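The structure appears right after this line, and notes come after that.
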Amino acid sequence: MKKILIILALIMITTGCRQKEEPRPQYQFPTGPIQAQDDTKLLREAVQKDPRNVNAWIKLGNIFMDTSRCNEAIDAYSKALDIDPKNVDVRVDMGTCYRYTGRSDRAVEEYRKALKIDPDHLYGHKNLAVVLYYDFSDRNGAITEFKKYLELAPNAPDADQVRQEIQKLEAIK
Numbered sequence: 001m002k003k004i005l006i007i008l009a010l011i012m013i014t015t016g017c018r019q020k021e022e023p024r025p026q027y028q029f030p031t032g033p034i035q036a037q038d039d040t041k042l043l044r045e046a047v048q049k050d051p052r053n054v055n056a057w058i059k060l061g062n063i064f065m066d067t068s069r070c071n072e073a074i075d076a077y078s079k080a081l082d083i084d085p086k087n088v089d090v091r092v093d094m095g096t097c098y099r100y101t102g103r104s105d106r107a108v109e110e111y112r113k114a115l116k117i118d119p120d121h122l123y124g125h126k127n128l129a130v131v132l133y134y135d136f137s138d139r140n141g142a143i144t145e146f147k148k149y150l151e152l153a154p155n156a157p158d159a160d161q162v163r164q165e166i167q168k169l170e171a172i173k
């Protein structure tokens, strides 16, 4: 019995004296800008090999837009539109980039081109409304575009906000 107690005491002493190992941190793969840089490099290589690769130009433009590199996005979107001039989504995105670079007149131009191709493009109407009012003080033009947006998407997630914006604009004399 004494031997068992001695063995148990030794086991408790040796296990109690060991330091617990800290869990090793797991490697986190980088996300965000590093991934965008990698994608940008691959896409640049793709358009260098095939300058008519419209999808690569669009993806490159989207990455530039998402990382607030709007002048580079405009360049990429322009190349995509040289290949596919009727791509309404690209025109609307390029219009937004023009606005962010202080060229609201070009933004309006691109939104109007997009809406000429697709009169039912939701964000063409909404973005045009924003630029018309906030950059050019065109209250009536903005109201018209916001109303068209709601006509096309009365249950859009931001419909209540757009309705409030219309009410605010209509209240201005």
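If you read the sequence shown in our numbering, its first letter stands for residue 1, the second for the next number, and so on.
Positions of the beta carbon are idealized from the N, C-alpha and C atoms, including for glycine.
The structure presented is a predicted model; accordingly, all values stated were derived computationally and were not measured.
Checklist entry - Helix, strand or coil: which one does DSSP assign to residue 116? => result Correct three-state label for residue 116: helix.
Next on the checklist: If I measure Cβ to Cβ from residue 107 and keep anything under 6 angstroms in the same chain, skipping five residues before and after, which residues do I get?
Outcome noted: Cβ neighbours of residue 107 beyond the five flanking positions: 95, 98, 99 and 131.
Checklist entry - Secondary structure at residue 87, three-state DSSP: helix, strand or coil? => result The answer is coil: DSSP assigns residue 87 none of H, G, I, E or B.
Item to check | Rounded C-alpha distance that separates residue 152 from residue 142 | outcome: So the alpha carbons of these two residues sit roughly 15 angstroms apart.
Next on the checklist: Going by DSSP in three states, residue 46 sits in which element: helix, strand or coil?
Outcome noted: Here residue 46 sits in helix by DSSP.
Next on the checklist: Tell me which residues share the same chain as residue 91 and place their Cβ nearer than 6 angstroms to its Cβ, disregarding the 5 neighbours each side in the sequence.
Outcome noted: 110, 113 and 114
Checklist entry - Between residue 71 and residue 80, is the Cβ-Cβ spacing less than 8 angstroms? => result no
Checklist entry - Per DSSP, what kind of secondary structure is residue 93 in: helix, strand or coil? => result Correct three-state label for residue 93: helix.
Item to check | Neighbourhood of residue 121 by C-beta distance below 7 angstroms, restricted to the same chain and skipping five residues each side | outcome: 88, 92, 114 and 115
Item to check | For residue 40, three-class secondary structure by DSSP | outcome: helix
Checklist entry - What does a CB cutoff of less than 6 angstroms around residue 61 pick up in its chain, not counting 5 residues either side in sequence? => result Only 73, 76 and 77 meet the Cβ criterion.
Item to check | Where residue 25 falls: helix, strand or coil (DSSP) | outcome: Legend: pLDDT at residue 25 = 40, less than 50; position of this residue unreliable, value from coordinates given subsequently. In the structure shown, residue 25 sits in coil (DSSP, three-state: anything other than H, G, I, E or B).
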